[in-house]
Amino acid sequence: MRIAVISDIHGNLEAFTAVLDDIEHQAVDTIVSLGDNINYGADSEAVIQKMTARRIPSILGNHEMACINEKVYRWYIGDVKKSLDHTLSKLSLSSVDYLKGLSVTLSKHQAFFVHGFWPDSVRHYLHQMSSAELLSTLQQIQESVCFIGHTHRLALVFHVGGTLHTQPLNHGKTALEKNITYIINAGSVGQPRDGDPRAKYVIWDTISHHLDIRYVDYDNQTAAEKILAAGLPLKYAQAVYPFISNRPL
Numbered sequence: 033m034r035i036a037v038i039s040d041i042h043g044n045l046e047a048f049t050a051v052l053d054d055i056e057h058q059a060v061d062t063i064v065s066l067g068d069n070i071n072y073g074a075d076s077e078a079v080i081q082k083m084t085a086r087r088i089p090s091i092l093g094n095h096e097m098a099c100i101n102e103k104v105y106r107w108y109i110g111d112v113k114k115s116l117d118h119t120l121s122k123l124s125l126s127s128v129d130y131l132k133g134l135s136v137t138l139s140k141h142q143a144f145f146v147h148g149f150w151p152d153s154v155r156h157y158l159h160q161m162s163s164a165e166l167l168s169t170l171q172q173i174q175e176s177v178c179f180i181g182h183t184h185r186l187a188l189v190f191h192v193g194g195t196l197h198t199q200p201l202n203h204g205k206t207a208l209e210k211n212i213t214y215i216i217n218a219g220s221v222g223q224p225r226d227g228d229p230r231a232k233y234v235i236w237d238t239i240s241h242h243l244d245i246r247y248v249d250y251d252n253q254t255a256a257e258k259i260l261a262a263g264l265p266l267k268y269a270q271a272v273y274p275f276i277s278n279r280p281l
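Taking the numbering used here, the leading residue of the sequence shown gets 33, the next gets one more, and so forth.
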């Protein structure tokens, strides 16, 4: 089976559409989203509508949780809160109900899926975990791989004989060993934080045990201009199109 794992679309309809178009040509059997499909971008409602129309299973990200949980919403201040308020003002009642129905984790296809960190955190980042915590986690995961998002950066974590290894994932194919458990950060479709504005996602082949790291070009200038036109912070526009300035549109 070939599974496309997408994460952190963040309301970027142009990036999401381009990734779906790329997936159509990759002989993929199913798609799973790791959450944070909304916020930062201008098209959270449209992204949700496309997700539901395509029946793409998704788990809960911290931005979805902030939209349906008042306590979590109050954690956020500044630019994130400004963006959340804009997103909430645009979401339909059916989309809010959809968010309320998302689960925090998913175990399927020999893989475990969670937005932040195993076993059930939508908030903790991979880089916050100590080496001891990472090693302990890898020894407890029952599935072959654990997919996470949240950091917006591709990464691979595993151990061999108790020695921890952490490495970036780059464009192209990476072979995995069948007797090793991996934590795989799937990067970000719509708000990359690795200095490369292209949309990123991962294809996992459960038979060959290969990862295919996909970088997808899209109309990121339009996506950025829509962010500014919506009155959202400049930094979210610059994440997708670094050359944009806070000029009148």
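Ideal Cβ placement from N, Cα and C applies to all residues, glycine included.
Check                                                                                                                              : Outcome
Taking 8 Å as the threshold (C-beta atoms), are K205 and D251 in contact?                                                          : no
With a CB to CB cut of under 6 Å and the five nearest residues on each side skipped, what residues in its chain are close to G222? : I41, H42, N44, A47 and G73
Whole angstroms are fine: how far does the CA of M33 sit from the CA of S16?                                                       : Outside the modelled stretch of the chain, which goes from 33 to 281, sits residue 16, for which no answer is possible.
Going by alpha carbons, who is nearest to K122 out of V79, Y108, V104 and T137?                                                    : V79
So is L259 buried or exposed if we call it buried at 16+ other beta carbons inside 10 Å?                                           : According to the sequence shown, residue 259 is Ile rather than Leu. The residue is buried, with at least 16 neighbouring Cβ atoms inside 10 Å.
When we look at the beta-carbon of V192 and count the other beta-carbons within 10 Å, is it buried (16 or more) or exposed?        : exposed
With H, G and I counted as helix, E and B as strand and the rest as coil, what does DSSP make of K114?                             : helix
Can E12 and S139 be called in contact, C-beta distance under 8 Å?                                                                  : This structure cannot settle anything about residue 12, because the visible part of the chain is limited to 33 through 281.
Give the straight-line distance between the Cα atoms of E165 and H184, rounded to the nearest whole angstrom.                      : 21 Å
For the pair the stretch 222-236 and the stretch 267-274, tell me if three or more CB-CB distances fall below 8 Å.                 : yes
Would T195 be called buried (16 or more neighbouring beta carbons within 10 Å of its own) or exposed?                              : exposed
Between the beta-carbon of C99 and the beta-carbon of L131, is there less than 8 Å?                                                : yes
Under the three-state reduction of DSSP, which class applies to D251: helix, strand or coil?                                       : coil
Helix, strand or coil: how does DSSP classify I55 here?                                                                            : helix
Helix, strand or coil: how does DSSP classify H197 here?                                                                           : strand
Give me the Cβ distance between A282 and L66, rounded to the nearest whole Å; I'm assuming they're in contact under 8 Å.           : Lying before the first or after the last residue shown, residue 282 is absent from the chain, which here runs from 33 to 281.
Where does A207 land, buried or exposed, given buried means 16+ other C-beta within 10 angstroms?                                  : exposed
Give me the DSSP bridge partner(s) of A143.                                                                                        : K140 and V177
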